[in-house]
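Residue 0 is where the sequence shown starts when you use numbering that gives the first Met the number 0, and the numbers rise one by one after that. Take a look at the structure set out below.
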Amino acid sequence: MLKVIKNPRTLIILFAVIVTAHLTSCNNDDDTNPVTNTTTPIDDPVAEINYGLAMVSGSGNTVSTYVQGLKDLGATEINNSNGTEIGQFAAIYTEGSSLFTAGFGAPATMQKFVFNDEGVTTLDQSIVVPGANSFSTVEIVSPTQGYATVGGGLARVVIFNPTTMKITGEIDISDAGEGLFYSDILVRDNHMFIALNDFGGAAQASLAVINLSENKLDKIITDERTSTLFNTLTSEILTLADNGDIYVQATGLYTDKPGGILRIKKDQTDFDTEYFFDLAATVGKTCFGLYHFGDGQSFTLTSDDDANFFGTDGANPVFSYHKLNLSTKESLGVLSESLPKTFAASRTAFMMQISDTEILFPIAGTDLDAIYSYNPATGETSQKSKSSSGYITGIVALTKQND
Numbered sequence: 000m001l002k003v004i005k006n007p008r009t010l011i012i013l014f015a016v017i018v019t020a021h022l023t024s025c026n027n028d029d030d031t032n033p034v035t036n037t038t039t040p041i042d043d044p045v046a047e048i049n050y051g052l053a054m055v056s057g058s059g060n061t062v063s064t065y066v067q068g069l070k071d072l073g074a075t076e077i078n079n080s081n082g083t084e085i086g087q088f089a090a091i092y093t094e095g096s097s098l099f100t101a102g103f104g105a106p107a108t109m110q111k112f113v114f115n116d117e118g119v120t121t122l123d124q125s126i127v128v129p130g131a132n133s134f135s136t137v138e139i140v141s142p143t144q145g146y147a148t149v150g151g152g153l154a155r156v157v158i159f160n161p162t163t164m165k166i167t168g169e170i171d172i173s174d175a176g177e178g179l180f181y182s183d184i185l186v187r188d189n190h191m192f193i194a195l196n197d198f199g200g201a202a203q204a205s206l207a208v209i210n211l212s213e214n215k216l217d218k219i220i221t222d223e224r225t226s227t228l229f230n231t232l233t234s235e236i237l238t239l240a241d242n243g244d245i246y247v248q249a250t251g252l253y254t255d256k257p258g259g260i261l262r263i264k265k266d267q268t269d270f271d272t273e274y275f276f277d278l279a280a281t282v283g284k285t286c287f288g289l290y291h292f293g294d295g296q297s298f299t300l301t302s303d304d305d306a307n308f309f310g311t312d313g314a315n316p317v318f319s320y321h322k323l324n325l326s327t328k329e330s331l332g333v334l335s336e337s338l339p340k341t342f343a344a345s346r347t348a349f350m351m352q353i354s355d356t357e358i359l360f361p362i363a364g365t366d367l368d369a370i371y372s373y374n375p376a377t378g379e380t381s382q383k384s385k386s387s388s389g390y391i392t393g394i395v396a397l398t399k400q401n402d
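Given below as structure tokens:
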């Protein structure tokens, strides 16, 4: 295996100058900073497009995200000329018809965008949480129910209504510990699972389990077979299989533990002690992210050089897309030998299935920013859209609305 950076202090320096800083730490709960809501409503939004897209332009600490609506994903080249600018790095989400952004920068701000009669992306409403540096994870489960963790002073989950953009409650998770990063969030049935990242401090994988019937922290579950549940706003490490099982991807960074995948079986809230997918032994490289689209169709990214995991050497992207089988715990090899390397942990990583024959994913490189397409039926990959204005941080499918 490649040597992993072992000094967590290095991360503090890296996070001050690269995009990965949008993972914000959650330390002391400060009830002197109330949650507030700002509203500038737009009457009768009508979505005339089918997809929302976000791309980031700029470098270092000077970046902007541009969000826009697209009627389709057929264009061979895309740019930000029709985009609405957000003056920060942001990821995007949807409840089906609108576009939601969560970006890095205090105070923590979530914005809801709709599309006017001309299809222009227009700010509708915002949620602002004073005392927090950022929304670190967002999970929208329905048009009326959403959850988001905030960091940088407040250790809590904000419960909100995506339709009205009103705060409807909060869940105190300060008992999960101090100095944690909330890396990913997933809701299954009546429980919410939050990945807790201490960058190897405890040399184990940890999840907070929330009972949504009572909106209370139920317990912390841990597993010492792997460690370091790291991801970014645009990537995922928790994924739900069709049978109800949850899979959790850990990097093993900053420890001597191997990177691997854990499982929480359907109807259970503890790690499955009989399942461990040892990615270090099977893939042989440090892995980042986890995306599952059915049996034999699971994906991660692999690092060729862990010293450049966070993209500090700007001339050399080091990540490749890799295929896995979670059921059999097998590595199925690189997605394609012809694919360019990409900056994943420092720029963008996601995968999105838009049909039975097409899964989309980004390439963010030195000379190329693009969306590529993978056909799970044939195994073929191809460039779908080239970006001339920056790297793509997200695509969401939208449902048209009627007047």
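The beta-carbon is built from N, C-alpha and C at its ideal position, and this holds for glycine as well. As the structure is a computational prediction, the values presented were derived from the model and not from experiment.
Beta-carbon spacing of residue i, residue j below 7 Å
| i | j | result |
| --- | --- | --- |
| residue 246 | residue 227 | no |
| residue 352 | residue 292 | yes |
| residue 172 | residue 147 | no |
| residue 369 | residue 346 | no |
| residue 387 | residue 381 | no |
| residue 194 | residue 236 | yes |
| residue 330 | residue 281 | yes |
| residue 341 | residue 316 | yes |
| residue 443 | residue 270 | For the chain, the structure presents residues 0 to 402; residue 443 sits outside this window and is missing. |
| residue 250 | residue 259 | no |
| residue 239 | residue 220 | no |
| residue 113 | residue 97 | yes |
| residue 287 | residue 343 | yes |
| residue 211 | residue 191 | yes |
| residue 149 | residue 107 | yes |
| residue 290 | residue 350 | yes |
| residue 244 | residue 218 | no |
| residue 103 | residue 133 | yes |
| residue 302 | residue 308 | yes |
| residue 268 | residue 208 | yes |
| residue 158 | residue 94 | no |
DSSP-derived helix/strand/coil call for residue i
| i | result |
| --- | --- |
| residue 232 | coil |
| residue 204 | strand |
| residue 173 | helix |
| residue 281 | helix |
| residue 89 | strand |
| residue 306 | helix |
| residue 320 | strand |
| residue 362 | strand |
| residue 132 | coil |
| residue 267 | coil |
| residue 164 | coil |
| residue 218 | strand |
| residue 343 | coil |
| residue 21 | Low per-residue confidence applies at residue 21: pLDDT is 40, beneath 50, and the placement is therefore not dependable, though the value from the model is reported in the following sentence. DSSP places residue 21 in helix when its eight states are reduced to three. |
One or two residues paired with residue i in a DSSP bridge
| i | result |
| --- | --- |
| residue 76 | 385 |
| residue 417 | Outside the shown range of the chain (0 to 402) lies residue 417, about which nothing can therefore be said. |
| residue 246 | 238, 262 |
| residue 193 | 184, 207 |
| residue 395 | 51 |
| residue 109 | 101, 126 |
| residue 153 | Answer by DSSP bridge pairing: none, since residue 153 is not bridged. |
| residue 373 | 358, 380 |
| residue 368 | 363 |
| residue 147 | 137, 157 |
Contacting residues, own chain, Cβ-Cβ under 8 Å from residue i (five flanking each side not counted)
| i | result |
| --- | --- |
| residue 37 | Unreliable placement is indicated for residue 37, whose pLDDT of 49 sits below 50; the coordinate value is still reported in the next sentence. Once the five neighbours on either side are set aside, the close Cβ partners of residue 37 are 124, 125, 126, 127. |
| residue 63 | 55, 56, 57, 84, 85, 86, 87 |
| residue 80 | 388 |
Close Cβ partners of residue i (< 6 Å) along its chain, the five nearest in sequence each way excluded
| i | result |
| --- | --- |
| residue 137 | 92, 101, 147 |
| residue 160 | 143, 167 |
| residue 311 | none |
| residue 390 | 55, 346, 347, 363, 368 |
Cβ of residue i within 7 Å of any chain C Cβ
| i | result |
| --- | --- |
| residue 362 | Of the protein chains in the structure, only one exists, and it is not chain C. |
Residues of its chain near residue i, where Cβ-Cβ distance is below 7 Å and the 5 sequence neighbours each way are ignored
| i | result |
| --- | --- |
| residue 75 | 384, 385 |
| residue 203 | 221, 222, 223, 226 |
query: With contact counted as at least three CB pairs below 8 Å, one residue from each stretch, are the segment 81–91 and the segment 52–67 in contact?
result: Counting Cβ pairs under 8 Å, three or more are found: they touch.
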